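Q: The number in my numbering is simply the position in the sequence shown, starting from 1, with 22 added.
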Amino acid sequence: MRQIITLAIFFMCLFSCAGLVLFFIWAGGPPGERWMQTAATLFVVGLTFFLVWFTETLYRIRQSVAEQRK
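So, in C-alpha cells, the structure goes:
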C-alpha cells in the first residue's frame with residue numbers, strides 16, 4: 023500500500039513541477055520568486071518520494087529472490 027501512495031505522490035509532484043516549468047518557458051520566466059520556489063519544492067518532494075519508492079521496490083525484489091533461493 024505504501025508503494026502505491028509514494029508512487030502517486032511522486033507522479034503528482036512530477037506533473038505539477040513539469041507543468042510549472044513549461045509555463046515558465048512559454049511565459050518568458052516565472053511571474054514571481056514564489057513560483058520558482060514552488061517548482062523547486064515540488065521537484066525535491068517528488069524526488070524524495072521516488073527514492074523511497076525505488077528503495078522499497080529493490081528491498082521487495084531482494085526478499086523475493088532470497089525466498090526463491092531457499
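Even for Gly, the Cβ is constructed at its ideal location relative to N, Cα and C.
Nothing here was measured: the structure is a model prediction, and the numbers come from that model.
Decide yes or no for the touch test of the segment 40-51 against the segment 70-87: beta carbon pairs closer than 8 Å, at least 3 of them.
A: Contact between the segment 40-51 and the segment 70-87 is absent, because fewer than three Cβ pairs lie under 8 Å.
Q: Determine the direct distance from the alpha carbon of Trp-57 to that of Thr-70, and round the result to whole angstroms.
A: Taking the first residue of the sequence shown as position 1, residue 70 is located at position 48. Taking the first residue of the sequence shown as position 1, residue 57 is located at position 35. Their Cα atoms are separated by approximately 20 Å.
Q: Determine the DSSP secondary structure at Met-34, reduced to helix, strand or coil.
A: By 1-based counting over the sequence shown, the position of residue 34 is 12. Note: Met-34 maps to helix in three-state DSSP.
Q: Give me the Cα-Cα distance between Pro-53 and Ile-27, rounded to the nearest whole angstrom.
A: The residue you call residue 53 lines up with position 31 of the sequence shown. The residue you call residue 27 lines up with position 5 of the sequence shown. When rounded, the distance between both Cα atoms is 32 Å.
Q: Assuming Ile-79 and Gln-25 form a contact by the criterion Cβ under 8 Å, report the distance between their Cβ atoms to the nearest whole angstrom.
A: Taking the first residue of the sequence shown as 1, we reach residue 79 at position 57. Taking the first residue of the sequence shown as 1, we reach residue 25 at position 3. In the sequence under discussion, the amino acid at residue 79 is Thr, which differs from the Ile named in the question. Right, the Cβ-Cβ distance comes to about 7 Å (below 8 Å), so this counts as a contact.
Q: Taking the alpha helix (DSSP H) that Gly-68 falls in, what are its first and last residues?
A: Within the sequence shown, numbered from 1, the residue matching residue 68 stands at position 46. Per DSSP, Gly-68 belongs to the alpha helix (DSSP H) from 55-91.
Q: Taking the alpha-carbon of Leu-64 as reference, which of Met-23, Cys-39 and Ala-30 has the nearest alpha-carbon?
A: Start at 1 with the first residue of the sequence shown, and residue 64 comes out as number 42. Cα-wise, what sits closest to Leu-64 is Cys-39.
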